[in-house]
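Here this note's numbering runs 7 ahead of the position in the sequence shown, where the first position is 1.
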Amino acid sequence: MKHLLSALRRNWKSHLGTLLMVLVIFAGAQAWQTRHVPSGSAPDFSLTLIQPDGSRQETSLAAWRAARPGQPVALHVWADWCPICRTEEHSVTRLSRDHPVLTVAMQSGPADRVQKVLVQRQLPWATAVDPRSDIARSLGVASVPAFMVVDTQGRLRTPTAGYTSELGMRLRPWWARFF
Numbered sequence: 008m009k010h011l012l013s014a015l016r017r018n019w020k021s022h023l024g025t026l027l028m029v030l031v032i033f034a035g036a037q038a039w040q041t042r043h044v045p046s047g048s049a050p051d052f053s054l055t056l057i058q059p060d061g062s063r064q065e066t067s068l069a070a071w072r073a074a075r076p077g078q079p080v081a082l083h084v085w086a087d088w089c090p091i092c093r094t095e096e097h098s099v100t101r102l103s104r105d106h107p108v109l110t111v112a113m114q115s116g117p118a119d120r121v122q123k124v125l126v127q128r129q130l131p132w133a134t135a136v137d138p139r140s141d142i143a144r145s146l147g148v149a150s151v152p153a154f155m156v157v158d159t160q161g162r163l164r165t166p167t168a169g170y171t172s173e174l175g176m177r178l179r180p181w182w183a184r185f186f
């Protein structure tokens, strides 16, 4: 064990270089995957919203946000067929207990099918139904899962594609509120 620690101390610069290279590659991949997310104001769109109680509502992103004044809101784009999205379900559920979260069920079928998935998986989310990816496309999302925040000024912030940790999900609304 001493030998290993000694070797790490001697070679810390090469390990730091490797870590920096991994971070640059990761950041580049995220930038590439989110390159179509519009900068500036979030687009407004009409949506069919399935509420956690199963009721449905025709609304828009602007109206949904207006019901949560002064708060950044998280947007989580997912699909029922996506295994990574299933991995994130519990994190999104926990996040939705503390922050406004609007999920978008992309390419998951009509409202009845999406509602059935929400009930089967016990997902207590407000979910916009996006069977043809119209909402996802307006957000610049080409793959799932995707996560972003609409800040209090209505700007899209901190988009990510692929798996997002619960900590990453929780930090984004905080970041959007203060920075």
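By construction, the Cβ of each residue, glycine as well, lies at the ideal position given by its N, Cα and C atoms.
DSSP-derived helix/strand/coil call for residue i
i      : result
Thr171 : coil
Ala133 : strand
Gln114 : coil
Val157 : strand
Leu102 : helix
Arg128 : coil
Leu146 : coil
Arg43  : The identity of residue 43 in the sequence shown is His, whereas the question assumes Arg. Note: His43 maps to coil in three-state DSSP.
Gln78  : coil
Pro166 : strand
Ser140 : coil
Gln64  : strand
Trp85  : strand
Val108 : strand
Residue from the options with nearest C-alpha to residue i
i      : options                       : result
Arg5   : Val136, Val108, Glu173        : Absent from the model: residue 5. The displayed extent of the chain is 8 to 186, so no value can be given.
Pro76  : Asp87, Glu95, Pro107          : Pro107
Pro117 : Arg139, Gln129, Ser103, Ser98 : Arg139
His83  : Leu102, Ala70, Ser67, Pro59   : Leu102
His97  : Gln114, Ala69, Gln129, Gln122 : Gln129
Glu173 : Val99, Ser46, Pro131, Leu11   : Val99
Ser150 : Ala14, Ala86, Leu30           : Ala86
Pro45  : Thr165, Gln114, Leu54, Arg184 : Thr165
Arg104 : Met176, Gln122, Ala168, His43 : Met176
Met113 : Pro79, Arg144, Arg17          : Arg144
CB contact flag (residue i, residue j, <8 Å)
i      : j      : result
Ala73  : Phe154 : no
Leu146 : Pro50  : yes
Thr159 : Leu56  : no
Ile91  : Val111 : no
Tyr170 : Glu95  : yes
Val148 : Ala183 : no
Ser48  : Arg162 : yes
Chain C within 8 Å of residue i, Cβ atoms only
i      : result
Glu173 : You won't find chain C in this structure, because it holds only one protein chain.
Integer Cβ distance of residue i from residue j, believed to fall under 8 Å
i      : j      : result
Ser62  : Leu54  : Actually they are not in contact, since the Cβ atoms of Ser62 and Leu54 sit about 14 Å apart, beyond 8 Å.
Pro152 : Cys89  : 6 Å
Val126 : Ser115 : Incorrect: roughly 13 Å between the Cβ atoms, too far for contact.
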